[in-house]
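Protein chains in written order, with the working numbering: chain C, 10 to 333; chain V, 10 to 333; chain F, 10 to 333; chain X, 10 to 333.
Protein chains: 4
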Amino acid sequence: MILRLAHVVMAADDLDAAHAFYVDLLGFVEHRREPGALYLRGVEEFDTWSLCIVDRGAPGLLHSAFRVSDPADLDTLAAQHERLGLPHTRVAAGAEPGQGEALRVVSPDGHALEFVHELEQIDAYDADGRLRFPMRHSHTGHGIPPTRLDHVSLRVPRVADSLPYWLDELTFSASELWLDEHDEPHIAWVRRAPASHDVALGTNGEAAFHHVAYLVSDPSALLRAADLLGDARLASRLEWGPGRHGATNAFAMYVRDPAGNRLELYTGDYVRDHDHPPLCWRPADYAEQGHSWWGFPAPPSFAQTNPLHQAGWVPATVPASGQG
Amino acid sequence: MILRLAHVVMAADDLDAAHAFYVDLLGFVEHRREPGALYLRGVEEFDTWSLCIVDRGAPGLLHSAFRVSDPADLDTLAAQHERLGLPHTRVAAGAEPGQGEALRVVSPDGHALEFVHELEQIDAYDADGRLRFPMRHSHTGHGIPPTRLDHVSLRVPRVADSLPYWLDELTFSASELWLDEHDEPHIAWVRRAPASHDVALGTNGEAAFHHVAYLVSDPSALLRAADLLGDARLASRLEWGPGRHGATNAFAMYVRDPAGNRLELYTGDYVRDHDHPPLCWRPADYAEQGHSWWGFPAPPSFAQTNPLHQAGWVPATVPASGQG
Amino acid sequence: MILRLAHVVMAADDLDAAHAFYVDLLGFVEHRREPGALYLRGVEEFDTWSLCIVDRGAPGLLHSAFRVSDPADLDTLAAQHERLGLPHTRVAAGAEPGQGEALRVVSPDGHALEFVHELEQIDAYDADGRLRFPMRHSHTGHGIPPTRLDHVSLRVPRVADSLPYWLDELTFSASELWLDEHDEPHIAWVRRAPASHDVALGTNGEAAFHHVAYLVSDPSALLRAADLLGDARLASRLEWGPGRHGATNAFAMYVRDPAGNRLELYTGDYVRDHDHPPLCWRPADYAEQGHSWWGFPAPPSFAQTNPLHQAGWVPATVPASGQG
Amino acid sequence: MILRLAHVVMAADDLDAAHAFYVDLLGFVEHRREPGALYLRGVEEFDTWSLCIVDRGAPGLLHSAFRVSDPADLDTLAAQHERLGLPHTRVAAGAEPGQGEALRVVSPDGHALEFVHELEQIDAYDADGRLRFPMRHSHTGHGIPPTRLDHVSLRVPRVADSLPYWLDELTFSASELWLDEHDEPHIAWVRRAPASHDVALGTNGEAAFHHVAYLVSDPSALLRAADLLGDARLASRLEWGPGRHGATNAFAMYVRDPAGNRLELYTGDYVRDHDHPPLCWRPADYAEQGHSWWGFPAPPSFAQTNPLHQAGWVPATVPASGQG
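Here it is in structure tokens:
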């Protein structure tokens, strides 16, 4: 079964600028840098990395990966995608650093997804055998810092068309839905982990990337993040917030990275069991306090998305449904 | 499968005093009060209650309940306890308010446990059909307030003897272990939910109740809780903290309620997948910074426990193992 | 000598609505209510009141009062205003509740100002003689709550024309100035207390009232205030913020009260001795990060001001300069 | 007149260790280091330094300095100390870095005090002429960091004997007094600035040094400071707190530096005018919640003081009273 969002791979145009922003300014932990790719994590993560930034000359999303609870789940998921006629392929262990065998698929709504079980873990012990929590190094740290990957926000052609795949096939649970005047959902927050979402889906006419979100420890950390950007004379990168969301109830802020990717810093959403019906917002409700519980409209730039970079994700020779 | 801790039922000697403390001072939400019992929840909970306080003339614990993901899990768990020769009984829906059919057992380490699937949910919509998050009523609230039930801390005869039941039978995962000089665990943090623990188990020579813990929204809420107690001239009820734990990494505070039960207010532990080995503390490590990352020893009173009130939990006629 | 801003008297159209907003929602302490007037204070104030709201059928400002260190300062100030040819009059003790004899003047920039020494103090002891800090009643309180009056923001015909009165005559010190392209100040932050300002002066073409500001204890209190407004479905009253100011370095939020008066909630400005030259902002600096260190422009409504209600402040028969 | 505490000069046994602690760990700003002396400030200070640590092979206090509002105040204070028969001497500008002419005295209770008007200020503008608040460099900073010097805590032979000098001669105002069973004050909080104190005086039988206190921005900064010490495995240096004081109402924490000096980190005391009578605590009140509003007794080590290093402060040839 799918446990949670495990990592996101984003595109950028300048890895030095990405390093300066994510590591030097915000305090992401650098796990590894190799030519063309930067592997990062938040300070409370036990996986060695959760964000990879690769040089593609432009912003955007390559893929989102989810951890499954058992290696055999990859077989089940492969058979399922075969049945659904969706492109899929297996990649051997090591295709990404510290990662075991994985299954790569393209979702019906056009997104590159990966499923994996084995993820390299940080060494939680010092050289002298003493337990070291990753988050307990503030004396050598700086920045906010972000604690862990929370969710990815994807744009899809039509959310109502996407939900059967996410809910019925992948067994995600919708925590919240925004319904239009015809009661059709156009934004859905879906999750396998118990918090409000691992993935947000928004109707956009086409598949695109909206943002990746990292948790921070508490609201005061988010205010320090805004100050950090202001102090570094990067206030123009602060797109929206800090403020309280209506949907998810989180306290959050959106920032643009040097490449133009949108990073959300996020804290304080709720936890709710999976088998309860989604909380549904009606147009009058979300118009007023849905995006911002404090009533501030999103800036026009918030509608902008970044492209997908999925070329070669699943080999062209992978048979489509019925041809396997 | 077991999802999470769902509720705790505690004993008290004075329900009016309990109401004054939990509801009027700390801001727990009162779901229901009936003769001899008070049903409460935190402000971010969707279940209608998570803490029941019953009049027994003394502090202590009656039982801890866990939610299972499917009603059929009750059958599986009943068969499992039958196989283990452990006392167990089914109770019909409604035995506790808003609750479906449940299975009651006594664990090998002497604790009354309950498993249940169906739990009444709060109405998340207003009379006018508008979505209302439970936590978004600060304008009519007061107190800290606590957000949701986090964990229960149980004392057992010997943790090493308890772990096979919790880990192998109930499939909890140990997030952390404190090992003695012989590498035997004497405190274990175990969980079904992804955070650090649903249950803490500590070696005590006999089964007893140490504390129940509720989450608060962030560290500033916990400081307000300490001020609240000081302002109400109840500083003597503040037993330990606020401070950072070593184990679990949470920021926490222990308070004694009017009956003498210990309530922990808690925020900020980590999330970690279940299938990784527990983080193990050695004596030199926890002696220094295990209980308090800031180095403050627990007060002597912290070793005190409260008794169990389990009479009649499972009828005496329930057959023990081999007699079913 | 002038010590600090002591109180502000504002106009409103509905004292019940003002009570519901300031007392019931935000947590201001009600000192006294009498027909047509409501007397309030923050929870850390030792003066019995610092904000008076009077029924005038509309929002606006009646006067701002400053405390002087010695009763004899009133004579000095009266002589000074006589010399300057400015309207001034003495009012007997008790003209405002708990207040000693006062001097009322009209400033050259058209504002009603009051100077007073004697201000009734709260009783800091309980009936049993135990010391009670006013701020240590959180167990019976609610709301943010605001701690104390910080400053008043006045609009004047031309700041450059106002400064000789405020700086040379009243011996305020300018902490910061915003200079236009001709190096002429158009906003000035001036103070007698050591923090960034007791009074803000902004060029507006005519005398008007912009806002009154109260301190809150820390940034987390300000976030709770925003949530409080959102939860009460009053998000539309949240005009700007929460955010970091460039000028003053404070973390702040502007709210409109039911009458339309603008209330700033404010925390974290700096302290600086009076005899140092003002910190001067150039147009390029404040355009970018002056109002908002995080780069968010003020909403258009922020330029709106409220009128002055000064009729009868100083009797028409008070002789102007040279006629005394 | 005396404006405020301006700087404190402390002794240490190892300036490298002091640098590692104050600058590298806690985030004090290093203004200057010269052989045998380290000059530091908090991040919101406009004076170039407020803490000097000098190598004396042991912890302790050299002197405390106060800023006066006018250079001529030095003459007044010199005449006053001459009249009182107290040792005093003038030192030329530059005796301490960036400092104008000063007056050095020994108080009747045995403390080396300095009065000075001219203090070098930081350059608040960048090379490009843009205004730069000192606190707005979080992107290049680390540590808590402390914001500014708040107070110094001195032990004196008998507080009741000290008060006439501090209150009547130096015109400090007592904000709070702890009275013994005979109504004699044994701790006094006295100030020239409007907050709760610039100087704390405690009866000790002899003159000694208890602690120096720096402000932090808010309670969350103080919690980060405690984490910082824990993470650096310096929890043993955290002597008491974080917690709410009864006296002063501040949220505070006491830390021992590598030399053994006691540093208080402090935030949130109140502001009150000088001419009101002190708030008086009776034994039953401060026994319960005076030191700690949350009821935690001070550890035994908190009674320890550090010595004075005043040799040569005022030349031996300075005439005592009656010999001038």
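Glycine included, every Cβ here is placed at the ideal spot set by N, Cα and C. Note that the structure is predicted; figures quoted are calculated from it, not measured.
Alpha carbon to alpha carbon, how far is His219(C) from Gln313(C)? Give it in angstroms, no decimals. 7 Å
Quick test of the definition: if touching needs 3 or more C-beta pairs under 8 Å, does the region 197-206 of chain C touch the region 243-251 of chain C? no
Straight-line CA distance for Ser226(F) to Pro117(X)? 38 Å
Which residues, in order along the region 302-314 of chain V, keep a beta-carbon less than 7 Å from a beta-carbon of chain X? Listed by position along the chain: Trp302, Trp303, Gly304.
Could you name the residues that DSSP lists as bridge partners for Met334(F)? Past the boundaries of the shown model lies residue 334(F); chain F is included only from 10 to 333, so the question cannot be answered.
Can you have a look at His126(F) and say buried or exposed, based on whether 16 or more other CB atoms are within 10 angstroms of its CB? The residue in question, His126(F), is buried, as its Cβ has 16 or more Cβ neighbours within 10 Å.
Over what stretch of residues does the alpha helix (DSSP H) that includes His90(X) continue unbroken? 82-93
DSSP-derived helix/strand/coil call for Ala329(X): Unreliable placement is indicated for Ala329(X), whose pLDDT of 49 sits below 50; no coordinate value is reported for it.
N- and C-terminal bounds of the alpha helix (DSSP H) containing Arg233(F): Per DSSP, the continuous alpha helix (DSSP H) segment holding Arg233(F) begins and ends at 228-240.
For Val32(X), does the three-state DSSP call read helix, strand or coil? Looking at Val32(X) - three-state DSSP - the assignment turns out to be helix.
How about Pro228(F) and Phe181(F): are their beta carbons less than 9 Å apart? no
Give a yes or no on whether 9 Å exceeds the smallest Cβ distance from Leu317(C) to chain X. For Leu317(C), the closest Cβ of chain X is not nearer than 9 Å.
Chain X contact residues for Leu237(C), given Cβ-Cβ distances below 8 Å: Neighbours of Leu237(C) across chain X, judged by C-beta separation under 8 Å: Ser147, His148.
Within 9 Å of any Cβ in chain V, is that where the Cβ of Leu247(X) sits? yes
Along the chain, where does the alpha helix (DSSP H) containing Asp25(V) start, and where does it finish? 24-27
Where does Thr57(V) sit, in a helix, a strand or coil, going by DSSP? coil
N- and C-terminal bounds of the beta strand (DSSP E) containing Leu158(X): DSSP places Leu158(X) in the uninterrupted beta strand (DSSP E) bounded by 157-165.
Judging by CA-CA distance, which residue of His16(V), Leu122(V), Arg92(V), Arg113(V) is the nearest neighbour of Thr98(V)? Arg113(V)
What would DSSP say about Thr257(C), mapped onto helix, strand or coil? helix
Own chain partners of Ser301(C) with C-beta closer than 6 Å, once the 5 adjacent residues on each side are dropped: Gly252
Is Arg13(F) close to chain X, meaning its C-beta is less than 9 Å from at least one C-beta of that chain? Closer than 9 Å to some Cβ of chain X, the Cβ of Arg13(F) qualifies, so yes.
Taking the straight line between their C-alpha atoms, what separation do you get for Val21(X) and Arg50(F)? Inspection of the sequence shows that residue 21(X) is occupied by Ala rather than by Val. Rounded to the nearest angstrom, the two C-alpha atoms are 46 Å apart.
Hey, how far is the Cα of Ala329(C) from the Cα of Val100(C)? With a pLDDT of only 49 at Ala329(C), under 50, the local geometry of the prediction cannot be trusted, and the value read off the model is given with reservation. Spanning the two alpha carbons is a distance of roughly 18 Å.
What is the residue span of the beta strand (DSSP E) that Ala296(V) lies within? Segment 292-298 is the alpha helix (DSSP H) holding Ala296(V); no beta strand (DSSP E) there.
Just to confirm, is the Cβ distance from Ile153(X) to Ala268(X) under 9 Å? no
Going along chain X in order, which residues have a C-beta closer than 8 Å to the C-beta of Ser229(C)? Asp227, Ser229
Using a Cβ-Cβ distance cut-off of 9 Å, determine whether Ala222(C) contacts chain V. Judged by the 9 Å Cβ criterion, Ala222(C) is not in contact with chain V.
Where does the unbroken beta strand (DSSP E) through Ser182(X) begin, and where does it stop? 182-188
Whose C-alpha, out of Trp187(X), Leu70(X), Leu237(X), Asp170(X), is nearest the C-alpha of Pro155(X)? Leu237(X)
Within 9 Å (strictly less), CB to CB, does Asp207(X) reach chain F? no
Are the CB atoms of His72(X) and His120(X) nearer to each other than 9 Å? yes
Report the three-state DSSP secondary structure of Ala112(V) (helix, strand or coil). Note on identity: in this sequence residue 112(V) is Leu, with Ala being the wrong assignment. Here Leu112(V) sits in strand by DSSP.
Check whether the Cβ of Asp282(V) lies closer than 9 Å to any Cβ atom in chain C. yes
Starting from Leu172(F), trace the beta strand (DSSP E) both ways and give me its first and last residue. From DSSP, Leu172(F) is part of no beta strand (DSSP E) but of the alpha helix (DSSP H) over 168-172.
Determine, using beta-carbon pairs with one atom in the region 10-21 of chain X and one in the region 63-70 of chain X, whether at least three such pairs fall under 8 Å. yes
Report yes or no: is there a C-beta of chain V within less than 9 Å of the C-beta of Ala26(F)? no
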